[in-house]
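Peer 1: Just passing along the structure, written as structure tokens.
Protein chains: 4
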Amino acid sequence: MVRIVKNPEERRTELIETAESLFFQKGYEYTAVSDIVKKINVGQGTFYHYFKSKEDILEAVAEKIVAPIAEDVRNIAKGNEDSATKVNSILNSILKAGNSETGFMKLMHQKGNYLLHDKLEEALKAKISPIIAEVISKGMDEGFFNMSYPKESFILLLSSTLYLSHHFTWDHEARERMCAALEEITARVLGVKDYRFHLEI
Amino acid sequence: MVRIVKNPEERRTELIETAESLFFQKGYEYTAVSDIVKKINVGQGTFYHYFKSKEDILEAVAEKIVAPIAEDVRNIAKGNEDSATKVNSILNSILKAGNSETGFMKLMHQKGNYLLHDKLEEALKAKISPIIAEVISKGMDEGFFNMSYPKESFILLLSSTLYLSHHFTWDHEARERMCAALEEITARVLGVKDYRFHLEI
Amino acid sequence: MVRIVKNPEERRTELIETAESLFFQKGYEYTAVSDIVKKINVGQGTFYHYFKSKEDILEAVAEKIVAPIAEDVRNIAKGNEDSATKVNSILNSILKAGNSETGFMKLMHQKGNYLLHDKLEEALKAKISPIIAEVISKGMDEGFFNMSYPKESFILLLSSTLYLSHHFTWDHEARERMCAALEEITARVLGVKDYRFHLEI
Amino acid sequence: MVRIVKNPEERRTELIETAESLFFQKGYEYTAVSDIVKKINVGQGTFYHYFKSKEDILEAVAEKIVAPIAEDVRNIAKGNEDSATKVNSILNSILKAGNSETGFMKLMHQKGNYLLHDKLEEALKAKISPIIAEVISKGMDEGFFNMSYPKESFILLLSSTLYLSHHFTWDHEARERMCAALEEITARVLGVKDYRFHLEI
DNA sequence: AATGAATGAGATTTCATTCAT
DNA sequence: AATGAATGAAATCTCATTCAT
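Residue numbers (the UniProt record's numbering), protein chains in the order written: chain A, 1 to 201; chain B, 1 to 201; chain C, 1 to 201; chain D, 1 to 201.
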């Protein structure tokens, strides 16, 4: 085979992107390392030059997915809106990222992607929870929110949100209702009075 | 090997119980069919008399786990208590079943048990949701509860509850707080005014 | 592939014999499990039905080789000859088994057979040393042999014998001389006076 | 990485020493070329500037180990002592070099070092045998030693000596006995009458 | 109903060596 | 002289399932 030397950064990215697209199509378990390397015409060994195992690239893929979401959430948190609006935007941002045509939800809930599911959930929580915690905390101080156990309550709310995302297969109407329910729940859990959440899936 | 003929029902149960115990110890993925049959000294082929695949016995295990919980919930639903009390009991019943020493939670959240997780969640929802739905619905009629989308809201609440169960490893204090948060959330989601939930993990 | 069911004992032997012959031809390291199974037209899995690893069959091969030698030595030890004659026969038996056309020496000293070398040496010592020890001990009691440290001395002598076997590649004359040297050494080490050892390679 | 140019001789030595230390720790087979180069922070390609293969550096390591021993032996041979004393010193020199904390014996008898074992034995024999042969020969002429096949006998004796070294892990008493046995054997094999060997491990 | 020998596709990983830079 | 990205062949082992008995 012709040997093509590339900037390592570039090669690495190439591998991650290829892996992601294959995990999306066939699922992690059903994607062989050989599928990945064949697709970009590099040797099998090249893969192991960059990742020490198949699970290793899975983590890289999970990070690649979560990074822009975390970035988004971070930006929202930095903004000047009031806390309820921020929470609303954050939830929408997550729902949107998850449910778009190539969103992480489709990826997560596929037969061969159980492990990816785990890694994603973990990464999401690790990167996003702390940011939200701050928003909530500020909202509490300002009297916007009213919860006895803000941190815990929000984790539970977030899990509901992610759970909702699961159900991207539902028919339109069902999703609408689910979404509306989540709006109500969010308001109630946060103890918000004069704010109406608007979520979209 | 000496060939021991047993009552088919008995053999089947024996296989399911063995499978369950192995899934508990090592996880579904890491349990080979050969592990199961070796443990009760039957031939490999025997397994395939009773189950058409490995996934098949997984479903049987999931059902075996869910059945008594559903039974419990059904009994609570039949009782004479008011609706809020019933919901309270139901949630506790689920939490308890999930968190006991050999409860389904430990099983669900183990590395090789992703598929089992799925099947359990599915089975739980299939068997339990309708019963709860009725309780909720009655509570709504009686003015006990107040939600715009009772069914959807409760599913989300239930998912939070299960999610909470996840975290049975936390230290005592953390779990106490989590539990208290769930009590508050439950009340708020259901739109209950004059009832204080008491959950236990 | 047509499935041919055989008596397990037979299949196992078939595998061991095939493995031995391949190790002899190409060396252990250069023999793939797939080579073995292909040669007798069974599935790859069949191999792992009988041996839990490639190293496992290596041990079986080593045992198969050592067993008849140990048997021989045991029979010699049981005989009615005087101790010196027994020792002479034992050494010859080992030399002969090692140096015959398909003897273990050729097997041992081949590039890909280092591990087999080890296993063989180990097995030889484990099975044969105790028998010899007894012969020596009896010879000491009868005044045939005369050594201050019989056990230790004989181990050293045996190692020389095996070492000698190494050199099956030498030309005829060199081997003759080596053999004659060993005869003298044996007599001296054992402290034998009126016996002339006759070794053959 | 910063590129550091060194005196080729120095670089070569650095590589050999690193290889030796790794072979000592992990064994030749389990030491990757990449382990060696990583340890001294040079590129993978640099290795192949100095050695044409992995086996090539193995030989260099073997030579490095054997050289000082041969030097020692050569010096002893040059001395004015009588032949028996010289043999005694030579054997001790070899035993000492082999059994010191980082001696070649530990190296030789390690799982991944079969090939090194071979190379060492070969090198030892090539460099040391001729020197000893001369000492022996002189001793024969002077009537000190008495053997029918001096060269062959001594090789066998040497192999026993090395074999003994093998067992440097034995407990103190066992080694004492082994050593004493070797003293007796040496005297007998050489046909020495009025000399008592004193070996130390 | 029961057995257990047989199957075989396929996946991950290693690493000595090469070569474009 | 030095680099280190790239290569790729090859090998072991797993295990759900089948099927001759």
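Yeah, the Cβ is synthetic: ideal placement off N, Cα and C, and Gly gets one too.
1) Taking 8 Å as the CB-CB limit, is B/I94 close to chain A?
2) Since B/M108 meets chain A, which of its residues come closer than 8 Å, beta carbon to beta carbon?
3) For a quick check, are the C-beta atoms of D/F47 and D/V61 less than 8 Å apart?
4) Thinking B/T66 and B/A123 are a contact (beta carbons under 8 Å), I'd like their distance in whole angstroms, please.
5) So, is the C-beta of C/M178 closer than 8 Å to a C-beta in chain D?
6) Counting only C-beta atoms, is B/L58 closer than 8 Å to chain A at any point?
7) What is the rounded straight-line gap between the Cα of B/A97 and the Cα of A/R175?
8) Could you compute how far the alpha carbon of A/E71 sits from the alpha carbon of D/M105?
9) Look at the Cβ atom of D/T161, then the Cβ atom of D/I57, and state whether they are nearer than 8 Å.
10) Taking only heavy atoms of the ligand MG into account, decide whether any of them is closer than 7 Å to the Cβ of D/E121.
11) Listing by chain order, which chain D residues have their CB less than 8 Å from the CB of C/R196?
12) Can you pull the chain B residues whose beta carbon is under 7 Å from the beta carbon of A/E152, in chain order?
13) How would you list, in chain order, the residues of chain D whose beta-carbon sits under 8 Å from the beta-carbon of C/S148?
14) Let me know if A/Q25 comes out buried or exposed under the rule of 16 or more other beta-carbons within 10 Å of its beta-carbon.
15) Tell me whether the beta-carbon of A/Y28 lies closer than 8 Å to the beta-carbon of A/N113.
16) Using a cut-off of 8 Å between C-beta atoms, extract the partners of A/S159 located in chain B.
17) Ordered along the chain, which non-local residues of its own chain (more than five positions away) have a Cβ less than 6 Å from that of B/I69?
18) Report back the beta-carbon spacing between B/S148 and A/A84 to the nearest angstrom; my notes put them in contact at under 8 Å.
19) At the level of alpha carbons, what is the spacing between C/M108 and D/L157?
20) Near A/S159, what residues of its chain come up, given a Cβ to Cβ distance below 8 Å and the 5 sequence neighbours on each side ignored?
21) Under 8 Å, Cβ to Cβ, is there at least one residue of chain B near A/V66?
22) Does DSSP put D/Y195 in a helix, a strand or coil?
23) Is there a Cβ from chain C that is less than 8 Å from the Cβ of D/L124?
24) Once you ignore the five residues that flank D/K151 on each side, which residues in its own chain have a CB closer than 7 Å to its CB?
25) Name, please, each residue of chain A whose Cβ falls closer than 7 Å to the Cβ of B/V87.
26) Measure from the alpha carbon of D/L91 to the alpha carbon of each residue in D/F154, D/N7, D/K6, then state which is nearest.
27) Check whether chain C comes within 8 Å of D/Y30, counting only Cβ atoms and requiring the distance to be less than that.
28) Going along chain B in order, which residues have a C-beta closer than 8 Å to the C-beta of A/V189?
29) Provide the residue span of the alpha helix (DSSP H) that contains B/M108, from first to last.
30) Counting C-beta neighbours from all protein chains within 10 Å, is the total for D/R188 16 or more, i.e. buried, or is it exposed?
31) Please state whether the Cβ-Cβ distance between B/V192 and B/F145 is less than 8 Å.
32) Please report the straight-line C-alpha distance between D/Y50 and D/M140, rounded to a whole angstrom.
33) Would you say B/L156 faces chain A, with C-beta separation under 8 Å as the test?
34) Name the chain C residues whose beta carbon is nearer than 9 Å to that of D/Y50?
35) Does the beta-carbon of C/V2 have 16 or more other beta-carbons within 10 angstroms, so that it is buried, or is it exposed?
Peer 2: According to the structure shown:
1) no
2) Within chain A, no residue comes near B/M108; the closest Cβ sits about 12 Å away, beyond 8 Å.
3) no
4) Sequence check: residue 66 of chain B is Val here, not Thr. Going by Cβ atoms, the distance from B/V66 to B/A123 rounds to 4 Å, so yes, they are a contact pair.
5) yes
6) no
7) 30 Å
8) 59 Å
9) no
10) Only the bare structure without any ligand can be found here, which leaves the ligand MG out of the picture.
11) Within 8 Å Cβ-Cβ: nothing; C/R196 doesn't reach chain D, min ~12 Å.
12) R177, M178, A181
13) A180, A181, E184
14) exposed
15) yes
16) S159, S160, Y163
17) A97
18) Actually they are not in contact, since the Cβ atoms of B/S148 and A/A84 sit about 19 Å apart, beyond 8 Å.
19) 22 Å
20) none
21) no
22) coil
23) no
24) A133
25) By Cβ distance, chain A contributes nothing, its closest Cβ being about 15 Å from B/V87, past 7 Å.
26) D/F154
27) no
28) I185, R188, V189
29) 104-108
30) buried
31) yes
32) 45 Å
33) yes
34) Under the 9 Å cutoff, chain C gives no residues; its nearest Cβ is about 24 Å from D/Y50.
35) exposed
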